[in-house]
Amino acid sequence: MAELNGLDLGKLEEVVKLVSENRDKAEELNRWKARVRWLGGFKARAYVRDHTFFIDEPSDLAGVDTAPNAVEYVLSALGACLTVGFILNATKNGVKIEDFEIALEGKINNILTFLGLSREGHPGYEEITARFYVKSDAEPEVIKKIVDETVATSPVGNTLTRNVKINPSISVLG
218 MAELNGLDLG
228 KLEEVVKLVS
238 ENRDKAEELN
248 RWKARVRWLG
258 GFKARAYVRD
268 HTFFIDEPSD
278 LAGVDTAPNA
288 VEYVLSALGA
298 CLTVGFILNA
308 TKNGVKIEDF
318 EIALEGKINN
328 ILTFLGLSRE
338 GHPGYEEITA
348 RFYVKSDAEP
358 EVIKKIVDET
368 VATSPVGNTL
378 TRNVKINPSI
388 SVLG
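Residues 218 to 391, numbered by my numbering, are exactly what the sequence shown covers, in order.
See the structure below:
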């Protein structure tokens with residue numbers, strides 16, 4: 218079994234081949250699901266496939282700070298997606314990565330909008346900074362090319378930079 222960056226190259230090749238040759242499989246991988254259940258206060262539990270995780274707000278926003286809040290999960294989701302994409306692109310290009318970390322920081326446009334105290338601006342991120350820390354024998358321009366490709370093809374990054382239609386529906390429980 219040939220391996221690079223902790224990935225089984227044969228398995229990676231199989232997955233790429235399967236998705237490129239099987240439109241149904243590709244379409245299946247275009248859909249993702251999550252459920253979130255309120256637990257009281259600002260606490261909630263998210264269910265994704267066979268995984269669960271908790272959400273809360275910091276005490277500065279009247280939560281009890283038992284878990285990250287939603288906008289911190291957005292940063293984490295972007296960081297995770299960029300990590301996976303970077304390792305994928307490095308591996309596809311035969312670049313060995315010895316160590317990798319990404320630090321993200323986001324600035325909300327106007328938190329007062331979320332709290333109903335202002336109509337100016339919006340309550341979402343207006344900017345996210347992602348700092349890549351990479352240890353590799355590859356030349357810096359090769360790493361930059363991998364970073365650029367990673368950012369351009371990140372599903373989470375693209376979700377954040379494009380208009381995404383949200384379709385709410387309501388079921389009133391009795």
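Glycine included, C-beta positions come from ideal geometry on N, C-alpha and C.
Measuring CB to CB, does F259 end up less than 8 Å from E244?
With contacts defined as CB atoms closer than 8 Å, F259 and E244 fail to qualify as a contacting pair.
Residues bridged to A320 (per DSSP):
Per DSSP, R348.
State the beta-bridge partners of T269 as determined by DSSP.
Paired residue(s): Y264.
To the nearest whole angstrom, what separates the beta carbons of P326 and G311, a pair I think is in contact under 8 Å?
The sequence shown places Asn at residue 326, rather than the Pro named in the question. Rounded, the Cβ-Cβ distance is 41 Å, inconsistent with contact.
Measure from the alpha carbon of F349 to the alpha carbon of each residue in F271, V368, E343 and V281, then state which is nearest.
Considering only alpha carbons, the answer is V368.
Using DSSP bridges, identify the partner residues of E220.
In the DSSP output, where bridge partners are listed per residue, E220 has D225.
Minimum C-alpha distance to L256 - residue among L334, I328 and F271
For L256, the closest C-alpha among the options L334, I328 and F271 is that of F271.
Quick check: what's the CA-CA separation for V236 versus D316?
Rounded to the nearest whole angstrom, the C-alpha separation of V236 and D316 is 29 Å.
Going straight from the alpha carbon of G280 to that of D241, what length do you get?
A direct Cα-to-Cα measurement between G280 and D241 gives close to 43 Å.
Reduced DSSP category for G374 - H, G, I as helix; E, B as strand; rest coil
Taken through DSSP and simplified to helix, strand or coil, G374 comes out as helix.
Between K324 and C298, what straight-line distance do the alpha-carbon atoms span, to the nearest angstrom?
Looking at the two C-alpha atoms, the distance is approximately 19 Å.
Below 8 Å, can you find three or more Cβ-Cβ pairs linking the region 357-368 to the region 293-307?
Touching, yes.
On the criterion of 16 or more Cβ atoms from any shown chain inside 10 Å, does S371 qualify as buried, or is it exposed?
Here S371 is buried: its Cβ has 16 or more other Cβ atoms, across all protein chains shown, within 10 Å.
The ligand PLP heavy atom lying under 7 Å from the CB of K382:
This structure does not include the ligand PLP; it has no bound ligands of any sort.
Reducing DSSP to helix, strand and coil, say where I383 ends up.
When secondary structure is reduced to three states using DSSP, I383 falls in the coil class, being assigned neither helix nor strand.
Take G393 as the anchor and find which of G374, F331, N384 and V381 has the nearest alpha-carbon.
The first residue shown for the chain is 218 and the last is 391, placing residue 393 beyond what the model contains.
Using DSSP's beta-bridge definition, name the partner residues of I325.
Checking the DSSP bridge columns, you'll see I325 partnered with Y342.
If contacts are defined as beta-carbon pairs under 8 Å, then E322 and T283 qualify, I think. What distance do you get, rounded to the angstrom?
Going by Cβ atoms, the distance from E322 to T283 rounds to 22 Å, so no, they are not a contact pair.
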